[in-house]
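Engineer: Dropping the structure in here first, questions after.
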Amino acid sequence: MNKKSFVIEIIGYGLALAYSIILASILELSKVPELRIRANIVIVMFAVLFIGYIAVVLLKERGRVLIVIVNVMVVLYLIQPHMEKKWILSLVYVVIYAILFLIFNQIKNKQFFSKKKTKKWKSILIIDDDQTQVMTVRPMLMSAGYSVLSAETGEMGLQIAETQKPDLILLDVILPGMKGREVCKRLKNNEVTKDIPVIFVTVKDSKDEIVAEMDAGAHAHLTKPISVKVLISTIRSILG
Numbered sequence: 003m004n005k006k007s008f009v010i011e012i013i014g015y016g017l018a019l020a021y022s023i024i025l026a027s028i029l030e031l032s033k034v035p036e037l038r039i040r041a042n043i044v045i046v047m048f049a050v051l052f053i054g055y056i057a058v059v060l061l062k063e064r065g066r067v068l069i070v071i072v073n074v075m076v077v078l079y080l081i082q083p084h085m086e087k088k089w090i091l092s093l094v095y096v097v098i099y100a101i102l103f104l105i106f107n108q109i110k111n112k113q114f115f116s117k118k119k120t121k122k123w124k125s126i127l128i129i130d131d132d133q134t135q136v137m138t139v140r141p142m143l144m145s146a147g148y149s150v151l152s153a154e155t156g157e158m159g160l161q162i163a164e165t166q167k168p169d170l171i172l173l174d175v176i177l178p179g180m181k182g183r184e185v186c187k188r189l190k191n192n193e194v195t196k197d198i199p200v201i202f203v204t205v206k207d208s209k210d211e212i213v214a215e216m217d218a219g220a221h222a223h224l225t226k227p228i229s230v231k232v233l234i235s236t237i238r239s240i241l242g
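Sequential numbering from 3 applies to the sequence shown in my numbering.
If you want it as C-alpha cells, here you go:
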C-alpha cells in the first residue's frame, strides 16, 4: 500500500466513524417533534455519506464523487436562513466540508481514484524440445492473456525459472539430457522456484506415469496433442 492510499484510507475510516457518531446524535434529535422532519432529512444524507466513505476506503471513484456531491447538498441544507440555533453544528460542518472538498476534489486525488489498474500479464514457461509444440502452444497462451517464455532443455528451463520466476511452467517429460521429472524435483527443492506450479504436458498418459509426475511435485497432467480449451481451463484453475 502506498502512502497516498494509506492516508486516504485513514481519512475514510476516521470520517466513517465520525459520521456514525453524528448519526447516533441526530437520531436523538429526531425524537423531538418539531425537529423530526429536518433531522430525518439530515439522517438520510449522513447515511449516504457514511456509505460514501466506506467506498473511499475501498478506493472507489464513485465514493469520492458521492462524498463531494452529498457534502454540497448537506451544506446547502444546513446553512438555510431559517435554521435554528440548535443547529450550530451547521457552521462547523461548513468548515469541515471546505477542508474535505479540498482533499477529495484535488486533481491529483481525482486521478488517484479514477486511474486504471494496470493488468499484469502472468507469465508461463514452456520447457519442451519440440519447437513445433512450442510454436503451437505459444499463440494459444498469448491470445488468452499470458506472456510466454520457452526453453529447449531442462537445464535451460531451471535457469530461466530461477531468474524470471514465471507464474506457471508447462513441462515435457521427455527432454534431452535432464528429464522432465528430475527438472520438476529440482524446481520443488529450490527455495526460489518451489512455489511455481508445474503442469506436465506429454504423450505418456499411463497411470504409473501420471502418479510419478504427481510424486515429483506436479500440479496437473495434460496429454499431447493438447486441446486449447482444456489447456487454458487447467491453467486458469491453477492461477485463478
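Think of the CB as a built atom: it goes at the ideal place given N, C-alpha and C, for glycine as much as any other residue.
1. What would DSSP say about T225, mapped onto helix, strand or coil?
2. What separation, rounded to the nearest whole angstrom, lies between the Cα atoms of V230 and N191?
3. For V200 versus L151, is the C-beta spacing smaller than 9 angstroms?
4. Is the Cβ-Cβ distance between I198 and K167 less than 9 angstroms?
5. On the DSSP bridge assignment, give the partners of K209 in chain order.
6. Taking the CB atoms as reference points, tell me whether E215 and G179 lie closer together than 9 angstroms.
7. If we count the other Cβ atoms within 10 Å of its Cβ and call it buried at 16 or more, is I23 buried or exposed?
8. Taking the alpha helix (DSSP H) that L241 belongs to, which residues open and close that run?
9. Secondary structure at L190, three-state DSSP: helix, strand or coil?
10. Does T204 come out as helix, strand or coil in the three-state DSSP assignment?
11. Count the other CB atoms within 10 Å of the CB of T29; is the residue buried (16 or more) or exposed (fewer)?
12. With 16 other CB atoms within 10 Å as the buried threshold, where does G26 fall?
Structural biologist: Let me spell this out:
1. Against the sequence shown, residue 225 aligns to sequence position 223. Of the three classes helix, strand and coil, the one that applies to T225 here is strand, per DSSP.
2. As a first step, residue 230 must be located in the sequence shown, where it is residue number 228. As a first step, residue 191 must be located in the sequence shown, where it is residue number 189. Pairing V230 with N191, the inter-Cα distance amounts to about 31 angstroms.
3. Translated into positions along the sequence shown, residue 200 becomes position 198. Translated into positions along the sequence shown, residue 151 becomes position 149. The criterion of a C-beta distance shorter than 9 angstroms is not satisfied by V200 and L151.
4. As a position in the sequence shown, residue 198 is number 196, starting the count at 1. As a position in the sequence shown, residue 167 is number 165, starting the count at 1. Closer than 9 angstroms, so yes.
5. The count along the sequence shown starts at 1 and reaches residue 209 at position 207. According to DSSP, K209 bridges with nothing at all.
6. As a first step, residue 215 is located in the sequence shown; it is residue number 213 there, counting from the start. As a first step, residue 179 is located in the sequence shown; it is residue number 177 there, counting from the start. Inclusion of E215 and G179 in the CB contact set at 9 angstroms is not warranted, their separation being larger than that value.
7. Counted from its first residue, the sequence shown places residue 23 at position 21. Exposed, since its Cβ has fewer than 16 Cβ neighbours within 10 Å.
8. Here the question's residue 241 lines up with position 239 in the sequence shown. Element bounds for L241: 230–241.
9. Counting from 1 along the sequence shown, the entry for residue 190 is found at position 188. It is worth fixing the name first, because residue 190 is Lys in this sequence and not Leu. Per DSSP, reduced to three states, the secondary structure at K190 is helical.
10. Your numbering for residue 204 matches position 202 in the sequence shown. Strand, per DSSP.
11. Residue 29 sits at position 27 when you count from the first residue of the sequence shown. In the sequence as displayed, the identity of residue 29 is Leu instead of Thr. Classification of L29: exposed, given that the 10 Å Cβ count is below 16.
12. Counting from 1 along the sequence shown, the entry for residue 26 is found at position 24. Per the sequence shown, the amino acid found at residue 26 is Ala instead of Gly. Burial is judged here by how many other beta carbons sit within 10 angstroms of a residue's own beta carbon; A26 has fewer than 16 and is exposed.
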